[in-house]
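Visitor: The following block contains the structure, expressed as structure tokens.
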Amino acid sequence: MMMETKMTVEAIAHGTVIDHIPAGQGVRILRFFQLTDGNERITVGLNLRSGDSQVKDIIKVENNVFTAEQANQLALFAPNATVNLIDNYQVVDKFHVTLPEQISSVLSCPNSNCISHDEPVNSRFFVAVKHEKVKLKCHYCEKSFSERLFKELK
Ligand SMILES: [Zn+2]
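Following this line, the structure appears as structure tokens:
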């Protein structure tokens, strides 16, 4: 099974490999981080078998180094993801994502009546995990939302 994963997802020289993404979330992550908008080569593996007979998605982005902030935003979609930074085909850094306590600016409140849409303010959400699902509570309208309700960045 490990061989299969290695053969279906090509190695990259420099860049970022996001591994252990829950199957189905890979496409959302591509959209959220607008990874496909650039010209860099991206290799995506969907529904790959991982060692423990689970299926996972994997994303490799050439010449893109994920920041710690991006990695934490990634945790919203893939709480158990690992981020591998690759240089000269070697893993030079590897870390697990951690959920941030708050997320500002990047997400828009799904509540269309929320005051954050009418005022010139940065959106702000408090992050909580309930029953292993990520919930985001808006600082302005105080409603809680599942991560699935958030659209990609503008
Ligand atoms: Zn709101």
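Numbered per the working numbering, the sequence shown spans residues 422 to 575. All C-beta atoms in this analysis are idealised placements derived from N, C-alpha and C, irrespective of residue type, glycine included.
1) Label residue 505 either buried or exposed according to how many other C-beta atoms from any shown protein chain fall within 10 Å of its C-beta, with 16 as the threshold for buried.
2) Out of 558, 502, 521, 482, which one is the CA nearest neighbour of residue 459?
3) Are there 16 or more other CB atoms within 10 angstroms of the CB of residue 437, so buried, or fewer, so exposed?
4) Can you give me the Cβ contacts of residue 556 inside the same chain, cut-off strictly under 6 Å, excluding the 5 residues immediately before and after it?
5) By the 10 Å Cβ neighbour count, where 16 or more other Cβ atoms means buried, how is residue 575 classified, buried or exposed?
6) Here's a check: name, in chain order, each residue in its chain whose Cβ is nearer than 6 Å to the Cβ of residue 560, leaving out the five neighbours to either side.
7) What are the boundary residues of the beta strand (DSSP E) that includes residue 483?
8) Pick helix, strand or coil for residue 536, following the three-state DSSP scheme.
9) Tell me whether residue 436 sits in a helix, a strand or coil according to DSSP, three-state version.
Guide: Working from what's here:
1) buried
2) 482
3) buried
4) 549, 565
5) Low local confidence applies: a pLDDT of 41 at residue 575 is under 50, so the model's placement there is unreliable, with the coordinate-based value given in what follows. The residue in question, residue 575, is exposed, as its Cβ has fewer than 16 Cβ neighbours within 10 Å.
6) 545
7) 476-483
8) The answer is helix: DSSP assigns residue 536 an H, G or I state.
9) strand
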